[in-house]
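Just so you know, we're using the working numbering here: the sequence shown kicks off at 3 and counts up by one.
Idealized CB from N, CA, C, for every residue including glycine.
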Amino acid sequence: MLTAFVMIDAEQDKIVEVAQAVANLPHVAEVYSVTGENDIIAVVRLADYEQLAIAVPEGIARIPGVVRTSTTLAFRRFSAQDLSAAWDIGVS
């Protein structure tokens with residue numbers, strides 16, 4: 003499973019509509035409106051790079067109001083439980 007974070011810049015008067023449209027796309031797990039350089043961040047979970055190559059340019063980027071996207075891939079997922087278990091077994 004591949005996890006990608008898609009940072010989205012949207013037209014200012016369409017942020018809510020863009021976020022809702024992104025949330026309705028297949029493979030989109032979560033969508034957040036955020037402060038900072040971008041307007042929206044979407045968490046996308048896909049089976050492989052081929053799906054990602056379709057999901058972003060043919061899905062997210064084509065939503066009316068999307069100005070630009072930038073995608074970052076996750077290497078590894080950590081949770082509080084994972085970190086706690088690592089400390090319990092002495093991993094540094």
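- For Ala55, the secondary structure class from DSSP, reduced to helix, strand or coil, is helix.
- Asp15 sits in a helix when the DSSP states are folded into three classes.
- The beta carbon of Val18 is closer than 6 Å to none in its chain, skipping five residues each way along the sequence.
- Under a 10 Å Cβ-count criterion, Thr37 is classified as exposed, with fewer than 16 other Cβ atoms of the shown protein chains found around its own Cβ.
- Between the beta-carbon of Leu75 and that of Ala31 there is about 14 Å, and that puts the pair past the 8 Å contact cut.
- For Ala21 against Val8, the beta-carbon gap comes to about 12 Å, at or over 8 Å, which does not count as contact.
- The shortest CA-to-CA distance from Arg79 to any of Pro28, Ala63, Ala55, Val45 is the one to Val45.
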